[in-house]
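2 protein chains.
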Amino acid sequence: MIDDLDARLIGLLTAEPRIGVLECSRRLGVARGTVQARLDRLQERGVIRGFGPDVDPAALGYQVTAFVTLEIRQVGGHDPVAARLAAIPEVIEVHTITGGGDMLCRIVGRGNQDLQRVIDLIVDVEGVQRTSTVIALATPVPQRTLPLVRAATRP
Amino acid sequence: MIDDLDARLIGLLTAEPRIGVLECSRRLGVARGTVQARLDRLQERGVIRGFGPDVDPAALGYQVTAFVTLEIRQVGGHDPVAARLAAIPEVIEVHTITGGGDMLCRIVGRGNQDLQRVIDLIVDVEGVQRTSTVIALATPVPQRTLPLVRAATRP
DNA sequence: GGAGATCTGTACACCCTGCCCAGGGAATCG
DNA sequence: CGATTCCCTGGGCAGGGTGTACAGATCTCC
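Protein sequences, first through last, are from chains A and B.
The opening position of the first sequence corresponds to residue 2 in the numbering used here, with each subsequent residue numbered one higher.
The opening position of the second sequence corresponds to residue 2 in the numbering used here, with each subsequent residue numbered one higher.
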């Protein structure tokens with residue numbers, strides 16, 4: 002599925018995204034063309050989705066993160082609700098889920114008070130019946146995929 | 002906080018991460034030095050954390066995502082638990098939270114059966130008392146920050 | 001043992017990057 | 001109001017990276 006060289010390449014790019022293909026080849030001890038081919042294939046296969054800028058909401062003033070579990074009215078299905086949620090900028094991510102709730106959203110706000118405003122926006126969404134919110138106080142493990150990449154490596 | 006030009010720049014880089022500074026300046030209709038300066042400042046201020054490769058766990062074989070709420074034993078605090086969770090590659094993200102539970106983790110697995118293995122690993126973590134898992138069935142809104150960037154723009 | 005895939009080393013043309021500078025606005029401050 | 005400061009522009013320069021192609025050496029799997 003993934004190679005040791007691939008894993009090291011991803012690790013290197015994660016640690017220092019600014020370096021180019023040539024520098025990668027030097028650090029990894031392989032030819033430049035190899036790095037280029039690997040990168041192309043990783044992107045082709047979808048392992049690497051892209052190199053988009055990693056924006057920090059906190060630096061934008063959105064310093065509070067919360068997770069909202071939604072119960073929605075069964076008629077109409079999830080899609081219309083998801084579409085309306087997507088129209089709210091502070092809604093960062095939406096999943097449909099198993100279990101007690103129907104959907105799980107990650108949202109952000111400029112503060113606890115602002116968070117209330119966002120939650121109100123969500124409650125007002127057509128089809129949403131009940132919400133339950135937990136606030137993220139700290140993030141001991143920020144989002145990461147590197148350990149996964151290493152774990153997925155089969156030499 | 003953030004400028005319209007900044008927002009357009011981030012939007013452009015999100016849409017086409019491969020383009021360089023010069024191409025950005027052409028598309029935005031500003032001087033190259035300006036783009037360079039903006040980018041530097043955005044990174045300096047932490048708005049852009051970096052340009053790391055965006056790895057898709059699904060393409061690595063981890064096709065199931067789930068959210069696990071943990072209750073932990075109060076003695077000892079969160080940190081030791083977080084450290085042990087961080088040692089599990091399939092644990093992608095950990096937050097401490099308000100409300101019924103104490104921690105919220107995002108985890109992935111190669112399938113529902115593999116997910117059970119990961120959950121067992123978490124249950125076995127010293128200090129974890131109870132867990133409650135919801136599986137993500139679909140992701141109508143994948144993680145995004147662009148709308149936030151636009152919302153944060155003050156001209 | 002052979003076919004197909006992959007890596008290496010190299011070469012070439014192009015143009016992008018990082019950096020610096022002088023000048024012109026525009027906004028802020030006293 | 002004048003002065004200061006900040007930011008953008010347009011330009012130039014040196015250096016090196018990128019995309020691409022190709023032949024030969026290895027490797028791998030059937």
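All residues carry an ideal CB built from backbone N, CA and C; glycine is no exception.
Per-residue contacts from residue i into chain B (C-beta, under 9 angstroms)
| i | result |
| --- | --- |
| E94(A) | T140, V142, P143, Q144, R145 |
Cross-chain neighbours of residue i in chain A, by beta carbon under 9 angstroms
| i | result |
| --- | --- |
| T99(B) | A67, T134, V135, I136, A137, L138 |
| E91(B) | P148, L149, A152 |
DSSP-derived helix/strand/coil call for residue i
| i | result |
| --- | --- |
| I49(A) | strand |
| G1(B) | Nothing in the structure corresponds to residue 1(B), since chain B is present only between 2 and 156. |
| I89(A) | coil |
| E17(A) | coil |
| V119(B) | helix |
| E94(B) | strand |
| A139(A) | strand |
| E24(A) | helix |
| A32(B) | coil |
| G12(B) | helix |
| R74(A) | coil |
| Q37(B) | helix |
| R145(B) | coil |
| Q130(A) | strand |
| R42(A) | helix |
| R111(B) | coil |
Alpha-carbon to alpha-carbon, residue j and residue i
| i | j | result |
| --- | --- | --- |
| A84(A) | P141(B) | 8 angstroms |
| L43(A) | L10(A) | 10 angstroms |
| L138(B) | R27(A) | 42 angstroms |
| T99(B) | I136(A) | 5 angstroms |
| I89(B) | R19(A) | 28 angstroms |
| T146(B) | L14(A) | 21 angstroms |
| G112(B) | M2(B) | 43 angstroms |
| G12(B) | L6(B) | 10 angstroms |
| A59(A) | Y63(B) | 29 angstroms |
| R46(B) | A8(B) | 14 angstroms |
| A238(B) | G21(B) | The structure shown has nothing for residue 238(B), since chain B only spans 2 to 156. |
| S133(A) | P148(B) | 23 angstroms |
| V124(A) | R131(A) | 7 angstroms |
| F1(B) | I108(B) | Any answer about residue 1(B) is impossible in this case: the structure gives chain B only from 2 up to 156. |
| L86(B) | V92(B) | 7 angstroms |
| L105(A) | L71(A) | 6 angstroms |
| P54(B) | G110(B) | 21 angstroms |
| A152(B) | Q144(B) | 16 angstroms |
| D80(A) | H96(A) | 11 angstroms |
| L29(B) | D41(B) | 17 angstroms |
| E94(B) | G101(B) | 19 angstroms |
| L116(B) | L122(B) | 10 angstroms |
Candidates the options: closest to residue i by CA position
| i | options | result |
| --- | --- | --- |
| Q37(A) | C106(A), L23(A), A8(A) | L23(A) |
| V82(A) | I120(A), V129(A), H96(A) | V129(A) |
| V76(B) | G53(B), A8(B), D103(B) | D103(B) |
| I73(B) | E127(B), D115(B), R50(B), A8(B) | E127(B) |
| Q114(B) | V65(B), R39(B), V95(B), A87(B) | V65(B) |
| V150(A) | G51(B), C25(B), L61(B) | L61(B) |
| F52(B) | T35(B), G78(B), L86(B), E17(B) | E17(B) |
| D1(A) | P143(A), R118(A), R39(A), G30(A) | This structure leaves residue 1(A) out entirely; chain A is present only between 2 and 156. |
| V48(A) | D57(B), R50(B), G101(B) | D57(B) |
Residue i Cβ short of 8 angstroms to the ligand NAD heavy atom set
| i | result |
| --- | --- |
| A38(B) | For the structure depicted, the ligand NAD is absent and the ligand set is empty, with no information on it obtainable. |
Proximal chain A residues relative to residue i, where beta-carbon distance stays under 7 angstroms
| i | result |
| --- | --- |
| T15(B) | G53, P54 |
| A60(B) | R46, G47, V48 |
Where residue i meets chain A, residues with beta-carbon distance less than 8 angstroms
| i | result |
| --- | --- |
| V158(B) | Outside the shown range of chain B, which is 2 to 156, sits residue 158(B), and nothing can be said about it. |
| L105(B) | F68, V135, A137 |
| I11(B) | P54, V56 |
Chain B contact residues for residue i, given Cβ-Cβ distances below 8 angstroms
| i | result |
| --- | --- |
| L29(A) | Here the premise fails: no neighbours, minimum Cβ distance about 15 angstroms. |
| D57(A) | G47, V48, I49, R50 |
| A83(A) | P141, V142 |
| I3(A) | L61 |
Partner residues on chain B for residue i, Cβ-Cβ distance less than 7 angstroms
| i | result |
| --- | --- |
| G18(A) | Before going further, note that residue 18(A) is Pro rather than Gly in the sequence given. Under the 7 angstroms cutoff, chain B gives G51, F52, G53. |
| L86(A) | V142 |
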